[in-house]
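Once you know that position 274 of the sequence shown is 1441 in the numbering used here, the rest is easy, because the numbers rise by one and skip nothing. Even glycine gets a Cβ: it sits at the ideal position worked out from N, Cα and C. Keep in mind it's a predicted model, so treat the numbers as computed, not measured. Note sheet for the following structure.
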Amino acid sequence: MKIKTLLIANRGEIACRIARTARAKGITPVGIHSQADANALHVREIGKSVCIGAGPASESYLKIDAVIVAAQSVGADAIHPGYGFLAENPDFARAVEAAGMIFMGPTPATLERFGDKASAKEAAVAASVPVISGAEGARSDPRQIADEVRQMGLPVLLKAVGGGGGRGQRLVTDETTLVEDIEGALREAKSTFGSEGLLLERFLPDARHVEVQIAGDGKGHVVHLFERDCTLQRRHQKVIEEAPAWGLPRTLLEDIARDAVRLGETLDYRGLGTVEFLVAGDEYFFLEVNPRIQVEHPVTEAITGLDLVALHLRIAEGAGLGLVQDDLKINGHAVEARLYAEDPAMQFAPSTGTLTTLSLPSGLRIDSGVEEGDAVTPYYDPMIAKLIVHAPDRETALARLATALDHVAVEGVETNRAFLTALARNPEFERMQVHTRWIDGRLAELTQASPLVRPDLWKAAAAILFVTQSRSDINANPWTNRDAFTGWRLGLGGDATEAGQRVTLTDSNEVSEELRVGPVKPGARYTVYSENGEALTLSAREITPGRWRLSEGDTVHLIEARLHAGVIELDTPEGRLVFRPAAPLAFAGGDAVADRAVTSPLTGMIVEIKVSDGQTVAEGDVVAVMESMKLEISIRAAAAGIASNISVSNGDMVDRGQVIAEILPSEE
């Protein structure tokens, strides 16, 4: 059956990516969106989209009936679920087929088989694929689980049978916390996946995570598209993926791939799927099957030259795979990094807000579901973009990825950019001396910001560019707007640091410094004075719009710069840097006020107010608990005093930065 209209039952970057291939194949893509996503990039790119409900996913993207009605209303022939949401839901697949449309994924029976980890493990055993030893079947009785864990010996991994994507796993390493760990794992399995069943498996402490991309025509013909290495994970969530798996014997990888294909063949697998394994030494063990397209599929596309969405469409139309295993070859090496709106300083909690600045580098593939000016909301996954680099070899690919990450600039939300950069340049990762829990043991060093080689130079350049460009901006003209700038003096004598225009710059690490830019001298020379009195003299000329020539003595630096949305953005040899400029008076007393104002770190819902007006609180006391993106976050007082002006109640939605209470100084 030829697909003419394809409904994409997803959002964000995967919806945009599917739509591009569909349109290239002559298929009309149609999207769906929630009320919160009415102006989202996938809605704008697809061009036609149907609103299916409110912002929370449970009221929109997870509503099977609403998605089916939307597809019928536009005359869709097929539905592509992407990943997440309903992609692995057998009830959704049945509903699509019952409505006379093509479900772009495996059969409902296959989804049921792989949706339950115990059932998936049984399928692997039946196909003679090695599995991790442990208790057979799922368990839900806490006492039985505790007894079997003791018999197996610690450490043991507890895995929710309905879990997936790294979620629903808990490692038990200490007998004293065994009961607490079991109860927590059962509670999480019930609340998140709807089933209390747990698998008990031997824990492999130094394993690598290797997965095999397979594709099947639904009639027994299955091929593999080689493997991906997804070992770099944080709390079981993938961070950087690559293809092929570097540093492992090709014979071992071929054995893994053959087992993945055999498993697919036993079930007449249809569509795209990923069979995941743990590799320990020269052994490998089945982990799970993700019966859908994966977030990291671009690295497989890079090394094979295939468009996996186009292949998926071909299979769905009944045209078969159109290729055999011998047709497939590995070309070079590809690496993908996931850029997220999350705050490393807050245990990587999601960061919500408006992307006031979003600059992504050129020269590589970028899959993104947002643009500058879009909002990261608390309802969905906070991914900003995937950066994919393809190079002749792994060393070059990692170097290019690190350089690309240097030239990413995001303002309005916190991101994991610096964390990804540290990973890309880490010597142990370069030598692939890592395992699935390697990141968790090195978070402190990996999240520590790398210092710039010449911070003084780029701060001085930012101050100069701000002064020169703002003179043509009536809203920030020092000659006409006294509120914008202070301290502009010409020819008054006295200390040279007093002559000039003051600019306070705040960098991406929230470090502020007041600089003084001296009056322009012949040759477009400026002298910039730092807070400690040190001076740096530069010549600055704009040679083409947005491109500047900085001369420091005999040294010349070429940079790109723009001033917009209240920030200065510089693309320098050390990477893309962002500074927020302000008049120094705007910061007067700011720290004292900020300490006393209790603000929301994210957009989300207040779950519980912990204090009342007039109550004495100590520094660090929890003032309120909020929920954002399924995470509970404690909001603490930054100073001791008396709680006052509590402006929110339980159940209220609050914006990032919103003041929810004040801590007044006590009379003491």
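Inset, instruction - State the beta-bridge partners of PRO1712 as determined by DSSP. - result: DSSP, once it has assigned bridges, lists no residue as partnering PRO1712.
Legend entry - Helix, strand or coil at ILE1423 [DSSP, three-state]: helix
Inset, instruction - Keeping to the same chain, check which residues put their C-beta closer than 7 Å to that of LEU1324; ignore five residues upstream and five downstream. - result: GLN1336, LEU1338, GLU1368, PHE1370
Legend entry - 6 Å Cβ shell around TYR1228 - same chain, five flanking residues per side excluded: PHE1252
Legend entry - Among HIS1479, THR1544, SER1518, ALA1508, nearest to LYS1169 - alpha-carbon criterion: HIS1479
Inset, instruction - Tell me, please, which residues DSSP counts as bridged to LEU1737. - result: ALA1728, LEU1744
Legend entry - ASP1232, enclosing alpha helix (DSSP H) - first and last residue: 1231–1240
Inset, instruction - Report yes if the C-beta distance between LEU1445 and ALA1374 is below 7 Å; otherwise report no. - result: yes
Inset, instruction - Quick one: using the 10 Å Cβ neighbour count with 16 as the cut-off for buried, is ILE1776 buried or exposed? - result: buried
Legend entry - Where GLU1509 falls, given that 16 or more other Cβ within 10 Å makes a residue buried: buried
Inset, instruction - Would you kindly work out how many angstroms separate the C-alpha atoms of SER1863 and ILE1800, rounded to a whole number? - result: Outside the shown range of the chain, which is 1168 to 1835, sits residue 1863, and nothing can be said about it.
Legend entry - Coarse secondary structure for ASP1474, derived from DSSP in three states: coil
Legend entry - beta strand (DSSP E) segments (min. 3 residues) lying fully within the stretch 1558–1597: 1576–1578
Legend entry - ALA1512, buried or exposed, once every other Cβ within 10 Å from all chains shown has been counted against 16: exposed
Inset, instruction - Could you tell me if ALA1804 is buried or exposed, where buried requires 16 or more neighbouring beta carbons within 10 angstroms of its beta carbon? - result: buried
Legend entry - GLY1536 beta carbon less than 7 Å from that of HIS1200: no
Legend entry - Distance between beta carbons of LEU1730 and LEU1632, contact taken as under 8 Å: 7 Å
Legend entry - Coarse secondary structure for PRO1196, derived from DSSP in three states: strand
Legend entry - Segment contact, 8 Å Cβ cut-off, at least three pairs: the stretch 1264–1276 with the stretch 1231–1251: yes
Inset, instruction - Could you name the residues that DSSP lists as bridge partners for PHE1444? - result: VAL1377, PHE1453
Legend entry - LYS1284, enclosing alpha helix (DSSP H) - first and last residue: 1284–1293
Legend entry - the stretch 1386–1404 / the stretch 1478–1498 touching (three or more Cβ pairs under 8 Å): yes
Legend entry - Spatial distance of VAL1760 from VAL1298 (CA atoms): Its pLDDT being 49, under 50, VAL1760 is placed unreliably by the model, and nothing is read from it.
Inset, instruction - Report yes or no: do the stretch 1568–1585 and the stretch 1726–1746 share at least 3 C-beta pairs separated by less than 8 Å? - result: yes
Inset, instruction - Use the C-beta contact count for GLU1698: other C-beta atoms within 10 angstroms, 16 or more gives buried, fewer gives exposed. - result: exposed
Legend entry - Cβ pair THR1524, ALA1542 closer than 7 Å: no
Legend entry - In DSSP terms, what ILE1482 is bridged to: Partner(s): none; ILE1482 has no beta bridge.
Legend entry - First and last residue of the uninterrupted beta strand (DSSP E) at MET1772: 1771–1776
Legend entry - Sequence-distant residues of its chain with Cβ nearer than 8 Å to PRO1372 (five each side left out): PRO1322, HIS1602, ARG1604
Inset, instruction - To the nearest angstrom, report how far apart PRO1751 and ARG1402 are at their CA atoms. - result: Bear in mind that a pLDDT of 48 at PRO1751, under 50, signals an unreliable position, so the number given afterwards is only what the model happens to contain. Looking at the two C-alpha atoms, the distance is approximately 42 Å.
Legend entry - Buried versus exposed call for PRO1416 [16 or more other C-beta atoms within 10 Å across all chains shown]: exposed
Legend entry - Minimum C-alpha distance to LEU1490 - residue among LEU1737, ALA1265, ASP1384, MET1319: ASP1384
Inset, instruction - Can you have a look at GLU1180 and say buried or exposed, based on whether 16 or more other CB atoms are within 10 angstroms of its CB? - result: buried
Inset, instruction - With DSSP collapsed to three states, give me the class of ILE1312. - result: helix
Legend entry - Short Cβ contact (7 Å threshold) for PRO1196 with ALA1205: no
Inset, instruction - Mind checking which residues open and close the beta strand (DSSP E) that includes GLU1463? - result: Careful: GLU1463 lies outside any beta strand (DSSP E) and carries neither H nor E.
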